[in-house]
Amino acid sequence: MLCSVATLIHDTYLPVYLKEELGLSNSRIGNLQAAAQFLSKASGTLSGTAADLLSPSRMVVFGTLLTTVNKPMFAAAGAVYGGLGVTACLYWITFGKIFDRVSKGIREAPSKALIGDLAAASGESPAAAFSLRQSLSTAGALVGSGCAALAFRLSRQNYVVTFALSCVPAACALALVSVALRSDGQGEKAREGTSKQSVIDGKKKVSNLESHHQPSLVQKLRILLSALPPAYWQALAVVSLLYFARFDASFVTLRASAALPRSALPWLTSLMMIPQALLATSAGLAARRSVRHRNAVLLGGIAVLVAANACFALPPSRVAAMAGALLVGVHMALTHGVSVAMLASYIPTGALPGLGRVAGTAWSFTDAVLGVILAYSNALAGRLADASTRAGRGGVGCFYGGAVACVLSMLALAAFAGLGSLGTEEAVQKKQA
């Protein structure tokens, strides 16, 4: 939550700063977001594997530490701009943004694995746990955007002073996770001991089957992939199509800036966050009732994003911008935590013979796939926005593309629910067994 506060403080005005102060086009902003999103997921790939070898708690603390170190870079943007010029400031901000996403990626996969393990151990559905996580993250983003608006006004629209405020919640987040996860140390050691024993037992079985021959890297990969059921791949396909419509909120901010003053942009972010804070947990509780309810929540949430894209595609106006932002918030509340929980439902939480714990590695693979999708989505969104701008329609091309991706995701979910494994309870029950 505190990391979300810190990120939204600088991200609220960063797209406008890049376009108006540094002169970036929509395509270049899209490329920046693409690189940041891809590297975020790529770093999550490594951290998830490291979490299986070390512990999820340690990787979460390490990722939070990097986030805390990163925030002063945005505060230093003014000094770089004044001393070295626009080009140097652009490279500085680019590196800072990528560093910020990488640090998030490092703590993302381990935190998902930790939540999934805890939900499985308690016998609870992961939908409620991940939706609660989303609600807290969204509440943090809501507070962050409000702090950004207040700082921007009190500093007389000074971007650098606003960016500098992000250092405070980041430092608080580091202190909090250090204390909280340190107190969980004894439990973590116990889990590590159990995991190590499972690995030992697994290695003995593999040794007996293969005449004392340790599994090769290819064999380990086959074991992991075979442990992921068909329902996982179907869920990943649905979420991947949805992520083509999940390009960065920078494009929403830039579109809304044509109708709203800069001082009002944080309140647009608030409109996105309020529904998430209020509805995400309820959506998770509704989705946990059955697979059919989960699919219904997802279909409804994706349909809401189609309506949001339609609002942003209208001629610029305060009403369209506010309605679109509100609908984006409803969409995220209904789908973000539930889609992650759907994937978690088909990822093994126990130890596999010859591999040990694989939840972090499985999430790493998932994040890597979605990272590529998000990178391409942002790059494509920037090009579509510039193409529609050249055609005299404004930066609406990305929203047309987003609506198409949503429809494809809905069709895929309906098909897999009716003809595949996403409509059966058995796939989840086998995974939990």
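Per our numbering, the sequence shown runs over residues 136 to 568.
Every residue, glycine too, gets a C-beta built ideally from N, C-alpha and C.
So, are the CB atoms of residue i and residue j less than 8 Å apart?
i      : j      : result
THR131 : THR202 : The chain is shown from 136 up to 568; residue 131 falls before or after that span and cannot be answered.
ALA366 : SER160 : no
VAL140 : VAL278 : yes
GLY472 : ALA418 : yes
PRO191 : ALA248 : yes
GLN448 : TYR535 : Residue identity check: residue 448 is Ala in the sequence provided, not Gln. Cβ distance < 8 Å, so ALA448 and TYR535 count as in contact.
GLY240 : SER162 : no
ASN430 : GLN168 : no
ALA284 : PRO207 : no
LEU509 : PHE197 : no
VAL426 : GLY558 : yes
LEU371 : VAL504 : yes
If you draw a straight line from the alpha carbon of residue i to that of residue j, how long is it in whole angstroms?
i      : j      : result
LEU478 : ARG291 : 45 Å
SER544 : ILE233 : 28 Å
PHE382 : VAL237 : 17 Å
ALA171 : PHE500 : 17 Å
MET467 : LEU420 : 15 Å
LEU554 : VAL439 : 24 Å
ALA442 : LEU469 : 14 Å
TRP498 : SER523 : 36 Å
THR273 : PRO304 : 15 Å
ARG288 : PRO396 : 12 Å
SER392 : TRP368 : 39 Å
SER452 : ALA394 : 5 Å
LEU149 : LEU433 : 31 Å
GLN411 : SER361 : 35 Å
PRO450 : GLY281 : 27 Å
GLU507 : SER246 : Per the sequence shown, residue 507 should be read as Val rather than Glu. Looking at the two C-alpha atoms, the distance is approximately 20 Å.
LEU344 : ASN166 : Residue placement at LEU344 is poorly supported in this model, since its pLDDT is 40, which falls under 50; the coordinates are not used for a value here.
GLY435 : GLY218 : 51 Å
TYR511 : VAL475 : 20 Å
VAL413 : PRO483 : As written in the sequence, residue 413 is Leu, which differs from the Val given in the question. Approximately 30 Å, taken between the alpha carbons.
ALA455 : ILE409 : 17 Å
ALA223 : LYS154 : 15 Å
LEU406 : ARG357 : 45 Å
ALA286 : GLU560 : 49 Å
SER178 : ALA185 : 11 Å
ILE250 : SER398 : 37 Å
THR225 : ARG423 : Position check: residue 225 holds Leu in this sequence, whereas Thr was assumed. Spanning the two alpha carbons is a distance of roughly 45 Å.
GLY527 : CYS302 : 40 Å
LEU189 : GLY158 : 44 Å
CYS446 : VAL151 : 21 Å
ARG93  : ASN205 : Given that the chain is displayed from residue 136 to residue 568, the structure contains no residue 93 and the question cannot be resolved.
TYR294 : VAL221 : 15 Å
VAL531 : ARG193 : 43 Å
ALA306 : ARG525 : 44 Å
SER175 : HIS428 : 31 Å
LEU359 : TYR216 : 48 Å
Could you give the C-beta distance for residue i and residue j, rounded to a whole number, given that I count them as a contact under 8 Å?
i      : j      : result
HIS145 : PHE230 : That belief does not hold up - the Cβ atoms of HIS145 and PHE230 are roughly 14 Å apart, past 8 Å.
CYS533 : ALA308 : In fact, because the Cβ distance is near 31 Å, the residues do not count as touching under 8 Å.
ASP502 : GLU243 : 7 Å
LEU363 : TYR481 : 7 Å
ASN444 : GLY529 : Rounded, the Cβ-Cβ distance is 14 Å, inconsistent with contact.
ALA299 : ALA540 : Not really, about 37 Å apart at Cβ, beyond 8 Å.
THR142 : ASP235 : 7 Å
ALA214 : ILE228 : Rounded, the Cβ-Cβ distance is 12 Å, inconsistent with contact.
SER270 : THR416 : 5 Å
VAL312 : THR199 : 5 Å
Measuring CB atoms only, is the region 516 to 533 touching the region 383 to 393, in the sense that at least three cross pairs come out at less than 8 Å? yes
Given 8 Å as the limit, is there contact between the region 545 to 555 and the region 453 to 464, that is, 3 or more CB pairs closer than that? As far as the Cβ criterion goes, the region 545 to 555 does not touch the region 453 to 464, which means the pair count is below three.
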